[in-house]
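For reference, the structure is listed below as structure tokens.
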Amino acid sequence: MANDTASPLTENPSDELPRKRVKRNYVACRRCHSQKIKCSGGLPCGSCSHAKKAQECRYPSRDRKVTVMERYLRTLETENAAFKQAQSAGSSLDRTVRNAPEATDGTLQADDEMQSQPTVTIVSKGSSSEHERQTSFEASTVCTSFGDELLSCFAHEEIRPDGTPAREYARDDCFNRLCGQEYQLPNRVQANLLVRVASRYIVNDYHQFQMKPFMEKLDQLYRDASIGERSNDPVWICKFFVVLALGELYTNQSQDRNKETKNSIPGTNYFLTAIGLLQDLYEEPSVQQIENLLLFSFYSNALGRTNSAYVYGGIALRLSLILGLHRRKQIDQIHDEVELENSRRVWWTVYTFDRIYSSRLGRPVTIHDTDIDVPMPSSNHLDPINRNKFEAPDHLCANIRLARITGQILNDLCGAASHDNGSFLSEVRRILTDLRSWDKELPESL
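Numbering (our numbering), first residue to last: 50 to 495.
Shown next, in the form of structure tokens:
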């Protein structure tokens, strides 16, 4: 009975379905091809394995013919044309204005509106740019950080965050306020004098730029100008002119003192040129851009324009937070020790400016000390050659500690929370104790 229910395929082996024909491999390895023998394919092939020459089994690379729909090709051509148009469109603010749609009495056609709009490129946050390559670190989002901390508790080991996922944003020169400001360089002797005067007054107290790299770029700027070339780095040119403005301010001699001009304040013309070169690089911030904002803030404060200085310093602080300069985990990813120390000192200068302007204007501090874990400025980790690129950190560290006490005064004594007489007096005593400790800990050089 079992035989009666057997499958017909088992009863008649000759009735089996024919096997699929093995597809022929048309590409032979180089050894089989040179010896005119059949190649079985694979890596290594059978012939090379049998001859014990598996390491010589190599296949030539050949282009494959792929059949695609014509509609797909048309889509690629359209995207390519749009990309080329985006590269050429909006190169300056003037061109963007010319491409903008004009208001008319009649109703504009939809096609005309689309053609009149400037083309904007959509890029990923992970893409590189001339300013983003310098130091671009993204702090983890709150949810990501919470998840990493939670996993670390279960895994009993530290889990390093991968950073924020790449995001897309519209990118065009018009968003950066790149207006193509024309500028005229002063003579070389005057420029050197103003730069050295400015550095004498601002380098010791705060860190707003490195003197040696700045002078190297200044030399390159005038070498290029001697052969008719202009700098293609508007961020550094902006820094150059605001440093000239500070130098002229401290010399108390305007470049137009012998001319009739409404800008009688020394450094005003240089400062206005720098304003024209200042870009809104908020999506692609850099440490160099933060240094520029600190210089703008310093010049404004010297003129008594404390509100302007507060705003420039606030933008510098926001960009520093975007770069993660306030967190050790982010800033320690910088492998170059000079760049690492420069980023630390720039951050602490931003921190100090925030405390100074907030106290003068009676505003709350922007960031609390509990959110900061980046180390203080130090030259101990630098080799002797790189150590000479920075000033001694004693003066800057003293200003940072004093700014920290200033922040405590703003938070504990001038905050919105009310205090009774007992708690207020205890806070005053504590702050006085901190001030005495700060005074005792000052190095002998200060």
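Even for Gly, the Cβ is constructed at its ideal location relative to N, Cα and C.
Check whether the Cβ atoms of residue i and residue j sit closer than 8 Å, and answer yes or no.
i	j	result
Glu-297	Tyr-319	yes
Leu-374	Val-360	no
Glu-386	Asn-435	yes
Ile-454	Leu-484	yes
Leu-243	Leu-293	yes
Leu-270	Ser-280	yes
Cys-88	Ala-77	yes
Glu-476	Asp-488	no
Which residues does DSSP list as the beta-bridge partners of residue i?
i	result
Leu-447	One point to set straight first is that residue 447 is Ala, not Leu, in the sequence displayed. The partner list for Ala-447 (beta bridge, DSSP) is empty, contrary to what the question assumes.
Ala-441	Paired residues: none, contrary to the question.
Give me, in chain order, the residues of the same chain whose beta-carbon lies closer than 7 Å to that of residue i; leave out the 5 immediate sequence neighbours on both sides.
i	result
Leu-495	Asp-443, His-444 and Ala-447
Pro-334	Leu-368, Ile-371 and Leu-372
Ala-274	Leu-234
Asp-420	His-375
Pro-492	Asp-443
Give the C-beta separation of residue i and residue j to the nearest angstrom, bearing in mind that I take them to be a contact with Cβ-Cβ under 8 Å.
i	j	result
Arg-377	Pro-315	Rounded, the Cβ-Cβ distance is 41 Å, inconsistent with contact.
Cys-287	Ala-323	5 Å
Glu-340	Phe-258	5 Å
Glu-105	Cys-94	The Cβ separation is near 10 Å, so there is no contact.
Tyr-255	Tyr-299	Contact flag wrong, Cβ pair sits at about 14 Å.
Ser-407	Leu-459	6 Å
Val-284	Gln-328	7 Å
Using a Cβ-Cβ cut-off of 6 Å (strictly less than) and excluding sequence neighbours within five positions of residue i, which residues of its own chain qualify?
i	result
Ala-452	Thr-401 and Arg-404
Ala-365	Ile-339, Leu-342, Leu-343 and Val-399
Arg-79	Arg-107
Ser-357	Ser-349
Asn-307	Low local confidence applies: a pLDDT of 48 at Asn-307 is under 50, so the model's placement there is unreliable, and no value is given.
Arg-237	Tyr-271
Arg-147	Summary for Arg-147: the model assigns pLDDT 46, below 50, so the residue's position carries little reliability; its value from the coordinates is reported in the next sentence. Here the set comprises nothing.
Among the candidates the options, whose CA atom is the shortest distance from the CA of residue i?
i	options	result
Ser-239	Thr-398, Val-336 and Leu-267	One detail in the question is off: residue 239 reads as Gln in this sequence, not Ser. For Gln-239, the nearest C-alpha among the options comes from Leu-267.
Ser-427	Ala-441, Asn-437, Asp-418 and Asp-420	Ala-441
Arg-354	Arg-409, Gln-302, Thr-124 and Ala-103	Arg-409
Leu-326	Asn-301, Ala-358, Ile-364 and Asp-282	Asp-282
Asn-496	Ile-251, Met-260, Thr-116 and Glu-278	Not covered by the structure: residue 496. The range shown for the chain is 50 to 495.
Leu-363	Leu-352, Ala-351 and Phe-347	For the record, residue 363 in the displayed sequence is Gly; it is not Leu. The shortest C-alpha separation from Gly-363 is found at Phe-347.
Asn-301	Ala-130, Thr-419 and Thr-317	Thr-317
Pro-413	Asn-391, Asn-429 and Cys-463	Cys-463
Gln-457	Asp-422, Thr-415, His-384 and Lys-133	Thr-415
Phe-289	Ile-276, Glu-265, Glu-278 and Gly-277	Glu-265
Trp-397	His-417, Val-117 and Arg-272	His-417
Leu-109	Cys-81, Arg-123 and Val-117	Note on identity: in this sequence residue 109 is Pro, with Leu being the wrong assignment. Per the Cα distances, Cys-81.
Phe-263	Gln-337, Arg-479, Lys-133 and Gly-411	Gln-337
Please return the same chain residues whose Cβ sits closer than 8 Å to the Cβ of residue i, not counting the five positions on each side in sequence.
i	result
Ile-380	Phe-186, Gly-373, Leu-374, Leu-389, Ser-392, Arg-393, Trp-396 and Val-423
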